[in-house]
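Structure, as structure tokens:
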Amino acid sequence: MTASSTHSDWISVTGLEKGFETDSYALDNSADLSGKKIELHDADGKVRSLGIDQDQLQINNDETVQVRITSLRQGVYLLDWLDERAQPTQSHTVVLDTLTDSYTQVIGTLPTFDVIKTGLYERALGGRALTDVKVEISHGAVNQAYREDVCPHVKTDELIGVRNLYRYSPTEVYEHVYLNENFYTWHCLKGVEKNLCDTDACHYYKISDDLYLFIWREKIVPTLGIVMIDEQNHRSDGKIFGVGDTEDAPLANFPMASYCQRLNETEYPDEH
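For the sequence shown, numbering that gives the first Met the number 0 gives the first residue as 0, with consecutive numbering after it.
Structure follows, in structure tokens:
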């Protein structure tokens with residue numbers, strides 16, 4: 000008879016950050032946009048100005064925050080920062096596409112610890128989403144008035160059925176299986192989460208040929224992940240945003256980038 004174990008190998012987002020920061024393959028900040036002012040025009044007619052100075056971002060000529068700016072593909076940039084004046088703190092990520100003068104924005108929030116304590120069984124019976132990590136995804140125009148067809152970034156099914164391998168550092172290796180339009184499975188092959196896996200909510204957007212924006216929302220340890228995946232150059236880059244170890248601990252928001260490769264792709268028969 001085999002006894003079941005009560006031991007849990009799940010770690011906090013802070014613990015994950017410590018694992019990822021050693022010899023990380025994270026990209027250096029891009030200086031391409033430094034000294035530039037960019038206007039983001041949304042579908043509601045609102046305009047937000049971004050003034051960029053290296054790793055500093057001034058929003059609407061007012062507050063200045065630290066920003067991370069990277070680029071996997073020439074002319075396409077990923078901007079990421081936190082709005083700590085919002086309650087709760089908001090994660091802001093913008094895919095800035097200077098090739099089409101358009102952008103896609105992801106605003107994310109994390110649940111409070113009181114909400115986190117609600118069990119998955121109770122959520123399921125109550126018809127609630129299994130994760131309370133929230134995202135708002137929107138599109139707009141860069142330095143021009145918004146119009147309906149201004150942004151070519153669209154939801155995509157091109158990754159569904161794909162199994163990819165991601166090497167984030169010499170010590171951190173994961174695989175992703177993209178199951179359907181709403182869910183994917185992650186599995187840690189090597190690293191601080193070795194042998195852990197789960198299936199979580201996700202969103203896919205095609206930015207350009209073989210260039211994707213992938214967003215996921217974890218439920219066990221509330222986490223928002225946002226990455227760009229470049230299947231031409233076999234690189235990914237983005238970040239993880241998650242709760243601290245305790246209610247009073249600072250939130251985690253750290254970079255993650257990988258060398259990636261496609262392992263295989265599942266093709267289902269037409270009659271499945």
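All residues carry an ideal CB built from backbone N, CA and C; glycine is no exception.
**Prompt:** So, helix, strand or coil for ARG122, using DSSP?
**Reply:** helix
**Item:** Best match in LEU210, GLU121, LEU188 for proximity to HIS152 [C-alpha to C-alpha]
**Value:** LEU210
**Request:** Take every Cβ of the segment 181-190, pair it with every Cβ of the segment 234-246, and state whether three or more of those distances are shorter than 8 Å.
**Result:** no
**Prompt:** What are the boundary residues of the beta strand (DSSP E) that includes THR222?
**Reply:** 222-229
**Request:** In the DSSP assignment, find the beta strand (DSSP E) that holds GLY14 and state where it starts and stops.
**Result:** Premise fails: GLY14 lies in the alpha helix (DSSP H), 12-20, not in any beta strand (DSSP E).
**Prompt:** Which of helix, strand or coil does DSSP assign to ASP113?
**Reply:** helix
**Buried versus exposed, by CB contacts within 10 Å (16 or more), CYS196** = exposed
**Message:** Within 10 Å of its beta-carbon, does TRP325 have 16 or more other beta-carbons around it, so buried, or fewer, so exposed?
**Reply:** In this structure the chain extends from 0 to 271, so residue 325 is not present and cannot be described.
**Prompt:** To the nearest whole angstrom, what separates the beta carbons of VAL93 and GLN104, a pair I think is in contact under 8 Å?
**Reply:** 5 Å
**Asked** Considering only C-alpha positions, which residue in the set ARG122, ALA256, GLU16 is nearest to PHE273?
**Response** The structure shown has nothing for residue 273, since the chain only spans 0 to 271.
**Item:** Exposed unless 16 or more other CB atoms sit within 10 angstroms - verdict on ASP156
**Value:** exposed
**Asked** From what residue to what residue does the beta strand (DSSP E) around VAL176 run?
**Response** 172-177
**Identity of the residue in LEU71, THR170, TYR165 nearest GLU176 by Cα** = The sequence given here has Val at residue 176, not Glu. Among LEU71, THR170, TYR165, the Cα nearest to that of VAL176 belongs to TYR165.
**Prompt:** Between which two residues does the beta strand (DSSP E) harbouring GLU135 extend?
**Reply:** 133-141
**Message:** If you reduce the DSSP assignment to three classes, tell me which class GLY243 lands in.
**Reply:** coil
**Request:** To the nearest angstrom, report how far apart ASP131 and GLN89 are at their CA atoms.
**Result:** 14 Å
**Message:** So for GLY50, helix, strand or coil by DSSP?
**Reply:** strand
**Item:** Nonlocal neighbours in the same chain, by C-beta distance under 7 Å from GLN231, ignoring five residues either side
**Value:** ASP209
**Buried or exposed (CB count within 10 angstroms, at least 16 for buried), ASN60** = exposed
**Request:** Flag this pair as touching only if the segment 216-223 and the segment 51-59 have three or more C-beta atom pairs under 8 Å; answer yes or no.
**Result:** no
**Asked** Among the residues of its own chain, which have a CB less than 7 Å from the CB of GLY160, if the five just before and after it don't count?
**Response** TYR177, GLU264, THR265, GLU266
**Request:** Would you give the residue range spanned by the beta strand (DSSP E) that CYS259 belongs to?
**Result:** 251-264
**Message:** Mapping the DSSP letters down to three states, classify LYS238 as helix, strand or coil.
**Reply:** strand
**Asked** Count the other CB atoms within 10 Å of the CB of PRO221; is the residue buried (16 or more) or exposed (fewer)?
**Response** buried
**Item:** Whole-angstrom C-beta distance between TYR173 and LEU188, which should lie under 8 Å
**Value:** 6 Å
**Asked** Are GLN143 and ASP100 close, meaning C-beta to C-beta below 7 Å?
**Response** yes
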